[in-house]
Structures are given as C-alpha cells and as structure tokens.
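**Q** Before anything else, here's the structure in question.
Residue numbers (my numbering): 791 to 1256.
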C-alpha cells in the first residue's frame, strides 16, 4: 500500500482538529444560509473531517433555486446537473453546546476549481466589504438586533405564546430565567458577547442583543445566534420563532441592523468615520452620504432585508417597524435611525440603525445590500434632503406633506419589493446575475405560493422555518 501523504496543516486547522479530538466530536455541521433565508447544511464525520476542510462537501447547484417551502424553481444552471462545494471558514468553527458531540462551521459555496460561486450569499457580502475598503477606505462594523417569540406548539399545528407579560416585564424575565440563562451561556460558550436582554412588547417576545463586530463576523454571529436560540429553546420544550409576524394580534419580530464605518489601521489608531463632534447629531458628512444612499435604494433594499411574505404584515405605518423613506435622530418610526451615542464614548458609539429588517432575511444578503447602497451614497456625495429628516412619526404627516418632503411609502408586499429590486441597477450590479436571478426566482415563487393559500398556511410555515 502506498504511504499516505500528509499535507501540512495551518495553525488554525491544527487548533480545530485538537478541539475535535479533545471534545470527542462525532459530526461537524457545514452550514450555509440560502436564498430563502433558511439555514441548511450537511455534516462530516469527525474522524475524517480534515479531508472535508480541504476539499469541502458537495452540494447540488439546485439548492440555490430551492425556496423556503422546499419547492425547486427553474433557474438556468441550477438544476439536476452540477455541484458546488461547501468550503468551511475555520474561523467560524464552534463546538455546539446544545447538541452532544457536535460542532459547526460556516461555509462559502465554491465551484470545483476553488473559486467562489457567483450565487454564494456569503461571498456577496465579502465582495461588498472589500469594496468598502478599496473604494472608500472603510472598515464596516455591524450588529444584528433580533427579536423572537417563545411558544408552545399545539396539536393542530398552531402555536400559543408562552406568556402574556408586558414590555420590559420583570415577571417575563423570571418566567424565562432558566431558558434565557442557558441561551446566554450557550452564546458565550461560542464566543458571542451578550450586550443587553429584555422581554419585548409582544406576548412571549424577547430581545437579546450581541456586541458589534466586523461586518462578516456580525453576519456569521447572527447565523450562530439563530441556531443557538432555536436549539436551546427546543431542549426546553419550546419553539423560538424569528418569524416577522408570528401572531397577527401581537408586535412583530424585527432584526434591526446597526452599523458604523471605521478607518483602517490598528486598534489604537482606528477612528469612527461616522462621527463628527461639530454636527448637531454627531454625524460626519460621510455618514450623511451613507444615509442618503440607503434612503435612495430602500424600496429595493427591503426585498433583501424584509424578504418574506410575512415581513409585510409587520412593515406597516404606526407599528414601530418603519414604513417610509426617511431618517431621524432616535426616531423609531424612521427607517434609518441615528442612534444617540453613549455619554463619554460618543466618538466610538455613534452608529446608524436600519430598522426595515427582520430575521427572515439572509444576513449576508441584507448586510451586503445595505453596504452597497451606502457606498453608492458616498459615490454620489449627496446629503439627504432636509424633508426626509423627521422628528415625528411620518405616518402623522398628510400624503401631500410627505410628497412635498420626498418621503415615500415602502413597498407593501413582497412582490412590490421584488419589482423595485428588479429595477435597481446599483443592487443589480452588486449582486451579479446568478445570485440575483436565483434570488428573484425563489422569492417570486414564495409570493405566488402564499398568495394561493390562507393566513393559517402562511403563519404555520413562517413560524417554524424562521
């Protein structure tokens, strides 16, 4: 028998293999998030996983044409012929605290030659991060701020909220203390830093936020977060739903995106380029340009950030979810909120909050789209019109007043948002043909399927899948 040739390991790969052996890992999940916003994957056996770290795991190209209802769509080049590889980013390797002898790693999709596949969402975000650095000298930091609902599953396939406590309720904290503590520990065991926690407005609704990080790590963290919350809740006999509107009579679940832009350099010399102490709201001109880019592309952008049929039950006026193309200082009915900085750390804590976002999105696509829109704003170098700065709920303005100020309504349905995305040349160019084509096909099919069904069908399928 020929002697097996052992390839040299990287330091990171060596550390990962040591963890696998020390923890007795039997299976490593190679995870990705698809065009339907569903987290999927395959698992490799622990004893042979090093081969998969080098060669990846095969995945049919058809999976990027699969919608969230597991209905395969007709997309050129994404049928029964052809494979890509799930190639792991070993920096994302985590031993799973909620699954025995299991670990996970997040993946890019690559073609057989090893290059990134043009329809890979994670690679799309990587391109936008690179563009920000090369075109504008920006290092983007971000954080996802998710809300989710705890519920019991009933025998008829419906769901009942865990409790009926009120917003910020200390009773709500006590009722769920054991579960929340287990979630916090599981997140921290995987290297995520918990910032804040509270029960939210809806029955059984909670919000637990994670510290900001570089843009790619922030999106990766959100995948890890969603997996952790749902799996730990399951171990407690509960369903944790990230659906945008799981209960029609309750507040919806948002996932606001916070972001700031930093200069290159080491930790001692980096500056928050969105900060200007002389401005009324502590914002730099660069930040205003970035806001204008987001506002200009918002009607199309929500097709990426609020991408489910259920999203548009939440994205309505006077619901604290935003519904208009406007911005404001600490205005939670504005789509872009200038978040007030923390006293004593103003220069590092000033950031923008994009509120038209929910957990049914693929975070790589949502954040990548936001960055692409912001970069277009910087390229155009235009300050948003004064009329779009609002200090009140824009829904209280008359239609004529909004028209005069250039404030428009966001799309009221997924189909309408997809129409806007199809017409947006900047996002077209950023996404590229294969990713855009497959995304539109998947999302159009979801819109069509749900349109032919009733409310119960919509709620059931969104509740459990997200």
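Glycine included, C-beta positions come from ideal geometry on N, C-alpha and C.
Just so it is clear, the structure is predicted and the values come from calculations on it, not from any experiment.
Between which residues of its own chain and residue 888 is the CB-CB distance below 7 Å, once the five residues before and five after are set aside?
**A** Start at 1 with the first residue of the chain shown, and residue 888 comes out as number 98. 976, 1018, 1021, 1022 and 1025, listed in sequence order.
**Q** Less than 8 Å between the beta carbons of residue 1253 and residue 1041, yes or no?
**A** In the chain shown, residue 1253 corresponds to position 463, counting from 1. In the chain shown, residue 1041 corresponds to position 251, counting from 1. No.
**Q** Based on the DSSP secondary-structure assignment, which residues constitute the bridge partners of residue 809?
**A** For this step, residue 809 is matched to residue 19 along the chain shown. DSSP output for residue 809 lists no bridge partner at all.
**Q** Going by DSSP, which residues form a beta bridge with residue 938?
**A** For this step, residue 938 is matched to residue 148 along the chain shown. According to DSSP, residue 938 bridges with 996.
**Q** Please name the residue or residues paired with residue 897 in a DSSP beta bridge.
**A** Counted from its first residue, the chain shown places residue 897 at position 107. Beta-bridge pairing links residue 897 to 878.
**Q** Going straight from the alpha carbon of residue 897 to that of residue 803, what length do you get?
**A** Here residue 897 corresponds to residue number 107 of the chain shown, with the count starting at 1. Here residue 803 corresponds to residue number 13 of the chain shown, with the count starting at 1. Taking the straight line from one Cα to the other gives about 15 Å.
**Q** Return the first residue and the last residue of the beta strand (DSSP E) that residue 982 is part of.
**A** Within the chain shown, the letter at position 192 stands for residue 982. First-last for residue 982: undefined, no H or E at that position.
**Q** Does DSSP put residue 989 in a helix, in a strand, or in coil?
**A** Here residue 989 refers to the residue found at position 199 of the chain shown. Of the three classes helix, strand and coil, the one that applies to residue 989 here is strand, per DSSP.
**Q** Which term fits residue 1162, buried or exposed, when burial requires 16 or more other beta carbons within 10 angstroms of its beta carbon?
**A** Taking the chain shown and counting its residues from 1, one reaches residue 1162 at position 372. Buried, since its Cβ has 16 or more Cβ neighbours within 10 Å.
**Q** Report, in whole angstroms, the separation of the C-beta atoms of residue 893 and residue 868, which I expect to be a contact under 8 Å.
**A** One-based indexing of the chain shown puts residue 893 at position 103. One-based indexing of the chain shown puts residue 868 at position 78. Wrong, their Cβ atoms sit about 29 Å apart, outside the cutoff.
**Q** Where do the N-terminal and C-terminal ends of the alpha helix (DSSP H) with residue 948 fall, by residue?
**A** Residue mapping note: residue 948 aligns to position 158 of the chain shown, counting from 1. It is not in any alpha helix (DSSP H) - residue 948 carries neither H nor E in the DSSP assignment.
**Q** Do you know offhand how far residue 791's Cα is from residue 838's?
**A** Taking the chain shown and counting its residues from 1, the one referred to as residue 791 is at position 1. Taking the chain shown and counting its residues from 1, the one referred to as residue 838 is at position 48. Residue placement at residue 791 is flagged as unreliable, the pLDDT there being 30, under the threshold of 50; the coordinate-derived value follows with that caveat. Near 19 Å, if we compare the C-alpha coordinates of residue 838 and residue 791.
**Q** Count the other C-beta atoms from every protein chain shown that fall within 10 angstroms of the C-beta of residue 958, then say buried if there are 16 or more, exposed otherwise.
**A** Residue 958 sits at position 168 when you count from the first residue of the chain shown. When all chains shown are included, residue 958 counts as exposed.
**Q** Buried or exposed for residue 944, going by 16 or more other Cβ atoms inside 10 Å?
**A** Walking along the chain shown from the start, residue 944 turns up at place 154. Exposed.
**Q** Would DSSP call residue 1256 helix, strand or coil?
**A** For the purposes of this step, residue 1256 is identified with residue 466 of the chain shown, where counting begins at 1. DSSP places residue 1256 in coil when its eight states are reduced to three.
**Q** Could you have a look at residue 1172 and say whether DSSP puts it in helix, strand or coil?
**A** Taking the chain shown and counting its residues from 1, one reaches residue 1172 at position 382. Residue 1172: coil per DSSP, three-state reduction.
**Q** Just the Cα atoms here: how many angstroms apart are residue 1015 and residue 1030?
**A** Against the chain shown, residue 1015 aligns to sequence position 225. Against the chain shown, residue 1030 aligns to sequence position 240. So the alpha carbons of these two residues sit roughly 12 Å apart.
**Q** In its own chain, which residues sit with a C-beta less than 7 Å from the C-beta of residue 1001, not counting the 5 before and 5 after it?
**A** Taking the chain shown and counting its residues from 1, one reaches residue 1001 at position 211. Contacts found: 933, 983 and 985.
**Q** If you follow the beta strand (DSSP E) that residue 845 is in, where does it begin and where does it stop?
**A** The count along the chain shown starts at 1 and reaches residue 845 at position 55. Unbroken run through residue 845 is the alpha helix (DSSP H), 839-845; no beta strand (DSSP E).
**Q** I'd like to know if the segment 1059-1066 and the segment 1129-1143 are in contact, where contact means that at least 3 CB-CB pairs between them fall below 8 Å.
**A** The segment 1059-1066 vs the segment 1129-1143: in contact.
**Q** Taking all protein chains shown into account, decide if residue 844 is buried (16 or more other Cβ within 10 angstroms of its Cβ) or exposed.
**A** Counting from one through the chain shown, the residue named residue 844 turns up at place 54. Exposed, since its Cβ has fewer than 16 Cβ neighbours within 10 Å.
**Q** Just verifying my parser: in three-state terms, what is the DSSP assignment at residue 830?
**A** By 1-based counting over the chain shown, the position of residue 830 is 40. Three-state DSSP puts residue 830 in a strand.
**Q** Does the beta-carbon distance from residue 1102 to residue 1202 come in below 8 Å?
**A** Start at 1 with the first residue of the chain shown, and residue 1102 comes out as number 312. Start at 1 with the first residue of the chain shown, and residue 1202 comes out as number 412. For residue 1102 and residue 1202, yes; Cβs fall inside 8 Å.
**Q** With three or more C-beta pairs closer than 8 Å as the rule, is the segment 1154-1168 touching the segment 1082-1097?
**A** In short, these stretches touch, since the Cβ pair count reaches three.
**Q** Keeping to the same chain, check which residues put their C-beta closer than 8 Å to that of residue 1173; ignore five residues upstream and five downstream.
**A** Translated into positions along the chain shown, residue 1173 becomes position 383. Answer for residue 1173: 1075, 1078, 1079 and 1082, listed in chain order.
**Q** Which residue or residues does DSSP assign as beta-bridge partners of residue 1119?
**A** On the chain shown, position 329 is the one that residue 1119 refers to. DSSP lists 1128 as partners of residue 1119.
**Q** Considering residue 907, what are the terminal residues of the alpha helix (DSSP H) in which it resides?
**A** By 1-based counting over the chain shown, the position of residue 907 is 117. First-last for residue 907: undefined, no H or E at that position.
**Q** With 16 as the cutoff for other CB atoms within 10 Å, does residue 999 come out buried or exposed?
**A** Position 209 of the chain shown holds residue 999. When all chains shown are included, residue 999 counts as buried.
**Q** Check each candidate in 847, 836 and 866 and name the one with the smallest Cα separation from residue 830.
**A** The sequence position of residue 830 within the chain shown is 40, counting from 1. Of the candidates 847, 836 and 866, the one whose C-alpha sits nearest the C-alpha of residue 830 is 847.
**Q** Identify which residue in 1037, 1069, 1004 and 1096 has its Cα closest to the Cα of residue 1044.
**A** Residue 1044 sits at position 254 when you count from the first residue of the chain shown. Checked all of 1037, 1069, 1004 and 1096; the closest Cα to residue 1044 is 1096.
**Q** Roughly how many whole angstroms lie between the Cα atoms of residue 806 and residue 828?
**A** Residue mapping note: residue 806 aligns to position 16 of the chain shown, counting from 1. Residue mapping note: residue 828 aligns to position 38 of the chain shown, counting from 1. So the alpha carbons of these two residues sit roughly 26 Å apart.
**Q** Would you check if the distance between the CB atom of residue 953 and the CB atom of residue 994 is smaller than 8 Å?
**A** Start at 1 with the first residue of the chain shown, and residue 953 comes out as number 163. Start at 1 with the first residue of the chain shown, and residue 994 comes out as number 204. Yes, the Cβ-Cβ distance between residue 953 and residue 994 is below 8 Å.
**Q** Let's test the definition: count the other Cβ atoms within 10 Å of the Cβ of residue 863 and tell me whether it reaches 16, buried, or not, exposed.
**A** Within the chain shown, residue 863 is the residue found at index 73, counting from 1. With 16 or more Cβ atoms within 10 Å of its Cβ, residue 863 is classed as buried.
**Q** Please list the terminal residues of the continuous alpha helix (DSSP H) segment that includes residue 820.
**A** Stepping through the chain shown from its first residue, residue 820 is reached at position 30. Note, residue 820: premise wrong, no alpha helix (DSSP H); beta strand (DSSP E) at 817-823.
**Q** Among the residues of its own chain, which have a CB less than 8 Å from the CB of residue 950, if the five just before and after it don't count?
**A** Residue 950 sits at position 160 when you count from the first residue of the chain shown. 941, 942 and 944.
**Q** Nearest-angstrom Cα distance between residue 1009 and residue 1220?
**A** Here residue 1009 refers to the residue found at position 219 of the chain shown. Here residue 1220 refers to the residue found at position 430 of the chain shown. Taking the straight line joining both Cα atoms gives about 18 Å.
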